[in-house]
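Residue numbers (the working numbering): 40 to 231. Backbone N, C-alpha and C fix where the C-beta goes; we use that ideal spot for every residue, glycine too. Beneath this line is the structure, given in structure tokens, with notes to follow.
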């Protein structure tokens with residue numbers, strides 16, 4: 040899937056939004072990519088999972104781990120494409136943890152899969168969950184990299200779409216200065 044094809048899927052799904060958004064990181068932006076609107080269509084979810092699976096297959100993961108809520112669908116699809124288990128970490132008392140009987144073994148080679156990467160905070164936190172459980176993180180992946188390649192990890196990172204949508208600290212946000220109302224479209228509360 041090419042960059043233009045992927046952007047077209049986002050546009051046709053109504054998932055490429057313009058406005059004034061507060062991101063999970065706490066940063067503000069004039070653009071937002073709502074992956075859930077794309078992933079609600081099984082044919083898109085499968086195609087994106089297959090594409091990420093192909094880009095990460097050489098890492099030989101044995102397990103996909105995703106942060107809830109945004110990473111669950113794409114994590115499952117990547118796991119299916121690779122023929123491996125896919126589990127998720129979820130928030131409890133503000134921290135990501137494994138629940139629901141999910142186990143990461145010491146022999147597991149973990150691929151952390153996310154829908155959208157902005158600062159890398161959720162991905163790093165998910166990597167810590169895997170490491171604390173004894174797994175070896177062999178790579179990370181996301182559908183969208185909002186950092187346009189600026190965020191780095193100690194393991195390989197694969198993405199399908201690099202975008203450089205502007206982000207602003209709330210106290211330096213030109214949209215706030217213009218008095219535009221801010222919207223929080225993501226899946227978890229904003230960092231304070």
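Does residue 215 have its Cβ less than 7 Å from a Cβ in chain D? Absent from the structure: chain D. Only one protein chain is present.
Work out the CA separation of residue 211 and residue 150 for me, nearest whole Å. Looking up residue 150 in the chain shown gives position 111. Looking up residue 211 in the chain shown gives position 172. Cα atoms of residue 150 and residue 211: separation of roughly 35 Å, rounded to the nearest angstrom.
Classify residue 155: buried if its beta carbon has 16 or more other beta carbons within 10 angstroms, exposed otherwise. Walking along the chain shown from the start, residue 155 turns up at place 116. Buried.
Per DSSP, the bridge partner or partners of residue 196: In the chain shown, residue 196 corresponds to position 157, counting from 1. Paired residues: 179.
Should the region 133-141 be called in touch with the region 88-96, which here means at least 3 C-beta pairs below 8 Å? As far as the Cβ criterion goes, the region 133-141 does not touch the region 88-96, which means the pair count is below three.
Between 71, 192, 145, 223, which has its C-alpha nearest residue 202's C-alpha? Here residue 202 is taken as the residue at index 163 of the chain shown, counted from 1. Of the candidates 71, 192, 145, 223, the one whose C-alpha sits nearest the C-alpha of residue 202 is 71.
Let's see if you can read the secondary structure: which residues bound the beta strand (DSSP E) around residue 96? Stepping through the chain shown from its first residue, residue 96 is reached at position 57. Per DSSP, residue 96 belongs to no beta strand (DSSP E) and is neither H nor E.
Buried versus exposed call for residue 205 [16 or more other C-beta atoms within 10 Å across all chains shown]: Your numbering for residue 205 matches position 166 in the chain shown. Residue burial annotation: residue 205 is exposed, with fewer than 16 other C-beta atoms found within 10 angstroms of its C-beta.
Host beta strand (DSSP E) of residue 117 (start-end): To locate residue 117, count along the chain shown from 1; it is residue 78. Looking at the DSSP string, residue 117 is not in any beta strand (DSSP E); the run it does join, the alpha helix (DSSP H), is 111-121.
With a threshold of 16 other CB atoms inside 10 Å of the CB of residue 153, please say whether the residue is buried or exposed. Translated into the one-based positions of the chain shown, residue 153 becomes position 114. Burial check for residue 153: the Cβ neighbour count within 10 Å reaches 16 or more, so the residue is buried.
Taking residue 197 and residue 95 to be in contact with their CB atoms under 8 Å, please state how far apart those CB atoms are, rounded to whole angstroms. Residue 197 sits at position 158 when you count from the first residue of the chain shown. Residue 95 sits at position 56 when you count from the first residue of the chain shown. Right, the Cβ-Cβ distance comes to about 5 Å (below 8 Å), so this counts as a contact.
Cα-Cα separation, residue 41 to residue 119: Indexing the chain shown from 1 puts residue 41 at position 2. Indexing the chain shown from 1 puts residue 119 at position 80. Looking at the two C-alpha atoms, the distance is approximately 21 Å.
Burial state of residue 191 (16 or more Cβ within 10 Å): Counting from one through the chain shown, the residue named residue 191 turns up at place 152. With fewer than 16 other Cβ atoms within 10 Å, it is exposed.
Going by C-alpha to C-alpha distance, which of 47, 51, 48, 55 sits closest to residue 185? As a first step, residue 185 is located in the chain shown; it is residue number 146 there, counting from the start. When only C-alpha atoms are compared, the closest one is 55.
If you reduce the DSSP assignment to three classes, tell me which class residue 167 lands in. Residue numbering aside, residue 167 sits at position 128 when the chain shown is read from its first letter. Helix.
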